[in-house]
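Position 175 of the sequence shown, counted from 1, bears residue number 221 in the working numbering, the numbering being contiguous throughout.
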Amino acid sequence: IDKKYDAYVINLDESPDRWNHMQAEFKDTIFNLKRYSALKDPQSRGWVALGKTYGEIVKQKLAEDPNFDKLLIVFEDDAFRTRDLETSNKRCIEILKYLEDHKGEYSHFQGGGIYPQPVKIENNNPLLIRCDWIVCTTFNILGKEACDTIMKYQDVPDDQKEPIDNYLAANNRGKMLVPYPHLCWQLLGIPSTISNADQKTTLNEAFRNAHKDLTTF
Numbered sequence: 047i048d049k050k051y052d053a054y055v056i057n058l059d060e061s062p063d064r065w066n067h068m069q070a071e072f073k074d075t076i077f078n079l080k081r082y083s084a085l086k087d088p089q090s091r092g093w094v095a096l097g098k099t100y101g102e103i104v105k106q107k108l109a110e111d112p113n114f115d116k117l118l119i120v121f122e123d124d125a126f127r128t129r130d131l132e133t134s135n136k137r138c139i140e141i142l143k144y145l146e147d148h149k150g151e152y153s154h155f156q157g158g159g160i161y162p163q164p165v166k167i168e169n170n171n172p173l174l175i176r177c178d179w180i181v182c183t184t185f186n187i188l189g190k191e192a193c194d195t196i197m198k199y200q201d202v203p204d205d206q207k208e209p210i211d212n213y214l215a216a217n218n219r220g221k222m223l224v225p226y227p228h229l230c231w232q233l234l235g236i237p238s239t240i241s242n243a244d245q246k247t248t249l250n251e252a253f254r255n256a257h258k259d260l261t262t263f
């Protein structure tokens, strides 16, 4: 690996097991993981806290790298690779190089997502699909447009906030890129800190269906 990319991992202080999982899962990959302590919501609304944590990451990005010279890569702490290490590294190197060369042509890239509405093949090698809609924040690479959206989200009253992935999709229709097949899914065996067990099962099924939908497309 000639080049490594810094990547934030959003992780609650009381969940060191998840941070350990991410370090093991992405060991020897092109990603240099940096733990980012997740905020907590007083009313235990995980989606609100997650959206605010993204806001803090973006604030830091805008202060340190306002011209977006480097890619802003963010993982949540329940991601897992869908392919073997060598294949994953090869695909990620190709995809991240493409994203670096085409800044401003997409709002954000999602390494894995659900409920996709694909509109066109963006690029053949690496194979990327432009979507009008896709949600999930397991693995995101955020462009300036998506970061602006996240900052607007911070002004929404907490009792009116929707999950940040829905907000991103709703405000960036037709500007999202996804790889085919997905680079990451959410880990099936780890309970969600946002969803209940039934919702987690539904989410896992949604990842399978997303793959089917993109395959059909």
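Here a beta-carbon is modelled for each residue, glycine too, at the ideal position from N, C-alpha and C.
Nonlocal neighbours in the same chain, by C-beta distance under 7 Å from residue i, ignoring five residues either side
| i | result |
| --- | --- |
| residue 165 | 176, 177, 178 and 220 |
| residue 167 | 175 |
| residue 69 | 79 |
| residue 146 | 117 |
CA nearest to the CA of residue i, picked from the options
| i | options | result |
| --- | --- | --- |
| residue 116 | 122, 208, 50 and 170 | 50 |
| residue 257 | 158, 190, 82 and 65 | 158 |
| residue 202 | 89, 192, 98 and 92 | 98 |
| residue 169 | 218, 124, 226 and 65 | 226 |
| residue 174 | 208, 205, 63 and 137 | 137 |
| residue 71 | 146, 216, 140 and 135 | 135 |
| residue 182 | 200, 252 and 68 | 252 |
| residue 140 | 76, 208, 207 and 216 | 76 |
C-beta atoms of residue i and residue j nearer than 8 Å
| i | j | result |
| --- | --- | --- |
| residue 74 | residue 131 | yes |
| residue 96 | residue 187 | no |
| residue 180 | residue 224 | yes |
| residue 193 | residue 85 | no |
| residue 122 | residue 184 | yes |
| residue 196 | residue 94 | no |
| residue 29 | residue 162 | Lying before the first or after the last residue shown, residue 29 is absent from the chain, which here runs from 47 to 263. |
| residue 160 | residue 249 | yes |
| residue 44 | residue 228 | Because the chain is modelled from 47 through 263, residue 44 falls outside the range shown and cannot be assessed. |
| residue 65 | residue 78 | no |
| residue 222 | residue 148 | no |
Neighbourhood of residue i by C-beta distance below 8 Å, restricted to the same chain and skipping five residues each side
| i | result |
| --- | --- |
| residue 80 | 52, 53, 54 and 55 |
| residue 144 | 169, 172 and 174 |
Closer than 7 Å: residue i CB and nearest the ligand ADP heavy atom
| i | result |
| --- | --- |
| residue 108 | With respect to the ligand ADP, the structure offers nothing, as it holds no ligand at all. |
Own chain residues within Cβ distance below 6 Å of residue i, not counting five before or after
| i | result |
| --- | --- |
| residue 114 | 190 |
| residue 267 | This structure leaves residue 267 out entirely; the chain is present only between 47 and 263. |
| residue 118 | 107 and 188 |
Separation of residue j from residue i, as counted between CA atoms
| i | j | result |
| --- | --- | --- |
| residue 61 | residue 150 | 35 Å |
| residue 101 | residue 262 | 35 Å |
| residue 254 | residue 82 | 29 Å |
| residue 63 | residue 87 | 21 Å |
| residue 217 | residue 200 | 14 Å |
| residue 112 | residue 206 | 29 Å |
| residue 89 | residue 212 | 20 Å |
| residue 142 | residue 152 | 13 Å |
| residue 232 | residue 67 | 12 Å |
| residue 198 | residue 208 | 13 Å |
| residue 204 | residue 156 | 25 Å |
Complete runs of the beta strand (DSSP E) confined to the region 165-249 [at least 3 residues]: Runs of the beta strand (DSSP E) inside the region 165-249: 173-181, 185-188, 222-225 and 230-232.
Residue ranges of each beta strand (DSSP E) within the region 109-158, 3 or longer: Counting whole runs of 3 or more residues, the region 109-158 contains the beta strand (DSSP E) stretches 118-122, 125-127 and 154-156.
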